[in-house]
Amino acid sequence: MSVPLILTLLAGGATFVGALFGIIGQKPSNRLLAFALGFAAGIMLLISLMEMLPAALHTPGMSPMLGYGMFMFGLLGYFALDRMLPHQHPQDLVQKPLKPLNLKRTAILLTLGISLHNFPEGIATFVTASADLELGMGIALAVAMHNIPEGLAVAGPVYAATGSKNQSAVLVGNIGVGRNSRRGTGVCAAWPDDFPGGDGLNHGGGGRHYGGLVGR
2 MSVPLILTLL AGGATFVGAL FGIIGQKPSN RLLAFALGFA AGIMLLISLM
52 EMLPAALHTP GMSPMLGYGM FMFGLLGYFA LDRMLPHQHP QDLVQKPLKP
102 LNLKRTAILL TLGISLHNFP EGIATFVTAS ADLELGMGIA LAVAMHNIPE
152 GLAVAGPVYA ATGSKNQSAV LVGNIGVGRN SRRGTGVCAA WPDDFPGGDG
202 LNHGGGGRHY GGLVGR
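Residue numbers (our numbering): 2 to 217.
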């Protein structure tokens with residue numbers, strides 16, 4: 002098994018660490034769930050803007066205009082996905098205790114959204130580690146750090162709604178190692194000209210994909 006693949010698996014597997022905080026001990030409160038979601042959002046924004054976007058723009062042969070263009074493409078694409086998926090904002094709702102059904106629905110939507118988000122993360126980790134192992138280790142660590150609150154964000158609502166640690170673990174495993182790693186590395190294999198291979202990295206293609214990943 003290659004080192005880039007191992008790093009990708011470890012980054013995805015970090016989601017389980019977050020799940021442990023959500024399913025060990027008493028059921029998490031709504032305040033703790035809100036903290037986990039906000040913390041996860043902050044970490045993802047920091048990594049995207051401070052790590053991935055600069056790496057894309059500094060890729061040899063990468064046009065800044067193209068890099069920012071792919072960033073906007075990913076941003077608008079994810080915004081469109083958010084608009085299409087059914088969801089409700091807390092400020093639009095009458096303040097009342099959340100029912101288990103509502104918590105479970107929230108967890109399902111979170112699973113779908115985070116799974117789609119983890120798809121480019123797997124690509125980013127694998128591509129970066131294949132081109133530059135030292136930088137790839139940094140990206141894998143950053144992705145692992147923000148996968149921890151993601152695991153809590155999904156496992157917490159499921160456990161609060163059902164009281165089942167098994168269901169929480171299954172969902173977290175699905176969005177963690179499964180989708181983050183298998184799908185990301187699968188796409189890298191499908192388009193070898195744009196990703197690291199035996200002849201090295203197509204820098205322009207790698208930068209384009211990196212820019213899109215940051216936007217997502």
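Note that CB positions come from ideal geometry on N, CA and C, so glycine has one too.
Practice task
Report yes if the CB atom of S169 is closer than 8 Å to the CB atom of P5, and no otherwise.
Solution key: Residue mapping note: residue 169 aligns to position 168 of the sequence shown, counting from 1. Residue mapping note: residue 5 aligns to position 4 of the sequence shown, counting from 1. Cβ atoms of S169 and P5: not closer than 8 Å.
Handout entry: Where the alpha helix (DSSP H) through I25 begins and ends
Key = As a working mapping, residue 25 is identified with position 24 in the sequence shown. No alpha helix (DSSP H) contains I25, which DSSP labels as neither H nor E.
Practice task
Starting from the Cα of P150, find the closest Cα among E122, S49, A15 and give me that residue.
Solution key: Looking up residue 150 in the sequence shown gives position 149. Of the candidates E122, S49, A15, the one whose C-alpha sits nearest the C-alpha of P150 is A15.
Practice task
Using a threshold of 8 Å, state whether the C-beta atoms of A156 and G13 are closer than that.
Solution key: The residue given as residue 156 occupies position 155 in the sequence shown. The residue given as residue 13 occupies position 12 in the sequence shown. Result no, Cβ atoms of A156 and G13 do not sit closer than 8 Å.
Exercise for the section: Look at the alpha carbon of H59 and the alpha carbon of G43, and state the distance between them as a whole number of angstroms. Expected result: For this step, residue 59 is matched to residue 58 along the sequence shown. For this step, residue 43 is matched to residue 42 along the sequence shown. Their Cα atoms are separated by approximately 24 Å.
Handout entry: Endpoints, alpha helix (DSSP H) assigned at H147
Key = On the sequence shown, position 146 is the one that residue 147 refers to. Looking at the DSSP string, the run of the alpha helix (DSSP H) that includes H147 is 134-163.
Exercise for the section: Tell me, to the nearest whole angstrom, how far the beta carbon of L136 is from that of T129; I am working on the premise that it is less than 8 Å. Expected result: To locate residue 136, count along the sequence shown from 1; it is residue 135. To locate residue 129, count along the sequence shown from 1; it is residue 128. At roughly 6 Å, the Cβ-Cβ gap stays under 8 Å, so L136 and T129 are in contact.
Exercise for the section: Taking G75 as part of the alpha helix (DSSP H), name the residues at either end of that continuous run. Expected result: For the purposes of this step, residue 75 is taken as the residue at position 74 of the sequence shown. Note, G75: alpha helix (DSSP H), 65-85.
Handout entry: Extent of the continuous alpha helix (DSSP H) to which A56 belongs
Key = If you number the sequence shown from 1, residue 56 lands on position 55. First-last of the alpha helix (DSSP H) with A56: 54-58.
Problem - Reference T163; option with closest CA among V144, T9, P65, R106 - result: Residue 163 sits at position 162 when you count from the first residue of the sequence shown. Among V144, T9, P65, R106, the Cα nearest to that of T163 belongs to R106.
Practice task
Provide the residue span of the alpha helix (DSSP H) that contains N15, from first to last.
Solution key: Along the sequence shown, read from residue 1 onward, the residue named residue 15 stands at position 14. Correcting the residue identity first, residue 15 is Ala in this sequence and not Asn. First-last for A15: undefined, no H or E at that position.
Practice task
Measure the CB-CB distance between F17 and V144 and report whether it falls below 8 Å.
Solution key: The count along the sequence shown starts at 1 and reaches residue 17 at position 16. The count along the sequence shown starts at 1 and reaches residue 144 at position 143. No, these two residues do not count as a Cβ contact at 8 Å.
Handout entry: Neighbour-count burial assignment, S3, 16 or more Cβ in a 10 Å radius
Key = Taking the sequence shown and counting its residues from 1, the one referred to as residue 3 is at position 2. Counting Cβ neighbours within 10 Å, S3 comes out exposed, since fewer than 16 surround it.
Practice task
Could you check which residue in P158, K166, E122, Y160 has the C-alpha nearest to that of E52?
Solution key: Taking the first residue of the sequence shown as 1, we reach residue 52 at position 51. Considering only alpha carbons, the answer is E122.
Handout entry: Under the three-state DSSP convention, the category P61 falls into
Key = Translated into positions along the sequence shown, residue 61 becomes position 60. Coil, per DSSP.
Practice task
Counting only the same chain and skipping the five closest in sequence on each side, list residues whose C-beta sits under 8 Å from that of L11.
Solution key: Locating residue 11 in the sequence shown gives position 10, counting from the first residue. Excluding residues within five positions, the ones whose Cβ falls inside 8 Å are A141, A145.
Practice task
Check S131 in the structure and name its three-state DSSP category.
Solution key: Start at 1 with the first residue of the sequence shown, and residue 131 comes out as number 130. Helix, per DSSP.
Exercise for the section: Quick one: using the 10 Å Cβ neighbour count with 16 as the cut-off for buried, is F72 buried or exposed? Expected result: Taking the sequence shown and counting its residues from 1, the one referred to as residue 72 is at position 71. Label assigned to F72: buried.
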